[in-house]
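Numbered by the UniProt record's numbering, the letters in the sequence shown go through residues 1 to 227 in order. For reference, the structure discussed in these notes is given below.
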Amino acid sequence: MWLRVSRAQENAEEIAKFLSRHPRITGVFFPGPGGCDARALRIHQSQSSGPGCVISFTTGSVGFSRRLLDASRLFKTTVSFGSVNSLGEMPCTMSHASIPAEQQTLPQDLVRLSVGIEDVRDLLLDLQRALETASGQREQPSNDQYDSRFEDLPVVPRLPGAIAEETDTNDEAGSALRRDDSLLAGYLGLAQASPRRQRQQVRALLGVAAVSALTVGAFAAAKLRRR
């Protein structure tokens with residue numbers, strides 16, 4: 001654990017320095033040099049032995065931030081953090097998407113990175129290329145392999161009061177969902193998703209439910225045998 005955290009923090013410090021010097025980055029938020037003012041840094045250093053591995057930054061454009069994450073090949077687009085792999089997200093459209101926009105206090109263009117333990121040279125090169133692609137200075141090869149893209153992300157469930165019924169009667173191909181699946185998709189906030197996306201999400205959740213039921217049943221059977 002110590003080796004992992006130390007490596008991630010070292011990588012994060014180098015990336016924060018790189019971002020703070022880049023002309024397309026309008027602000028960097030990181031408890032280290034270049035990421036916060038001197039007073040805040042002193043307070044953090046009095047309470048912690050390191051800056052951690054999470055960096056947030058703004059670009060001045062929601063579209064640019066999204067293109068940046070889409071162009072990255074090493075930073076997986078996901079809301080998780082603390083992994084050995086480097087991750088990235090836009091909180092306002094991902095982890096905080098269920099919060100009404102008027103109640104969100106974060107900048108809409110904010111990007112959050114959770115830096116992993118990869119070779120920092122690879123991470124810096126990936127960010128440089130992603131920034132160039134987002135700026136239109138570089139074209140991504142058509143055969144490039146992406147870890148994840150925004151369109152690959154699961155639909156964020158909406159708040160219960162915002163869920164509306166929707167039918168697929170206008171879909172020429174027709175929906176393969178049964179009525180029960182359509183209702184479940186609506187309860188999960190997937191009504192706006194395509195029929196294919198609904199099927200994927202519903203099948204995945206039903207699979208998880210089935211595994212959970214089997215696990216509970218196995219524990220119950222074992223308990224009865226012990227009696």
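Beta carbons are placed, not taken as given, at the ideal position from N, Cα and C, and that holds for glycine.
| Item | Value |
| --- | --- |
| Of all the options Ser6, Gly60, Leu124, Ala71, which has the alpha carbon lying nearest to the alpha carbon of Pro23? | Gly60 |
| Please classify Asn143 as buried or exposed, where buried requires at least 16 neighbouring CB atoms within 10 angstroms. | Note that Asn143 scores 48 on pLDDT, short of 50, meaning its location in the model is unreliable; the coordinates nonetheless yield the value given after this. Exposed is the call here. |
| With burial defined as no fewer than 16 other Cβ atoms inside 10 Å of the residue's Cβ, what is the status of Leu69: buried or exposed? | buried |
| Can you name the start and end residues of the alpha helix (DSSP H) that Ser46 belongs to? | 38 to 47 |
| Cβ atoms of Pro51 and Gln9: under 7 Å apart, would you say? | yes |
| Pairing CB atoms from the segment 32 to 42 with CB atoms from the segment 84 to 104, are three or more of them under 8 Å? | no |
| Just the C-alpha distance for Thr13 and Arg121, rounded to the nearest angstrom, thanks. | The identity of residue 13 in the sequence shown is Glu, whereas the question assumes Thr. Straight-line Cα distance between these residues: approximately 13 Å. |
| Tell me the rounded alpha-carbon separation between Gln47 and Val54. | 17 Å |
| Helix, strand or coil for Ile55, going by three-state DSSP, please let me know. | strand |
| Do Gly32 and Val84 have their C-beta atoms within less than 7 Å of each other? | no |
| Can you list the alpha helix (DSSP H) stretches of 4 or more residues lying completely in the segment 70 to 143, in chain order? | 120 to 134 |
| How would you label Trp2, buried or exposed, when you count the other beta carbons within 10 angstroms and need 16 or more for buried? | exposed |
| Hey, would you say residue 284 sits closer than 7 Å to Phe57, going by beta carbons? | Lying before the first or after the last residue shown, residue 284 is absent from the chain, which here runs from 1 to 227. |
| Can you list, in chain order, the residues of its chain with a C-beta nearer than 8 Å to that of Ile15? Leave out the 5 residues immediately preceding and following it. | Ile55, Leu113, Val115, Val120, Leu123, Leu124, Leu127 |
| Drop a sphere of 10 angstroms on the beta-carbon of Arg21, count the other beta-carbons inside from all chains shown, and report buried for 16 or more, exposed for fewer. | exposed |
| State the start and end residues of the unbroken beta strand (DSSP E) segment that holds Phe29. | 27 to 29 |
| Take Gly27 and list the residues in its own chain whose beta-carbon comes closer than 7 Å to its own, dropping the five residues that flank it on each side. | Phe57, Thr58 |
| Just to confirm my understanding: we take Thr78, look at its own chain, exclude 5 residues before and 5 after, and list those with CB closer than 6 Å. What are they? | Leu87 |
| What residue range does the alpha helix (DSSP H) around Ser61 cover? | No alpha helix (DSSP H) holds Ser61; DSSP gives it neither H nor E. |
| Let me confirm a value: Phe80 is counted as buried when at least 16 other C-beta atoms fall within 10 Å, else exposed. Which label applies? | The amino acid at residue 80 is misidentified as Phe; the sequence shows Ser. Ser80 comes out exposed. |
| With a CB to CB cut of under 8 Å and the five nearest residues on each side skipped, what residues in its chain are close to Ala40? | Pro31 |
| Candidates Gly82, Glu139, Ser95, Leu19: which alpha carbon is nearest Arg7's? | Gly82 |
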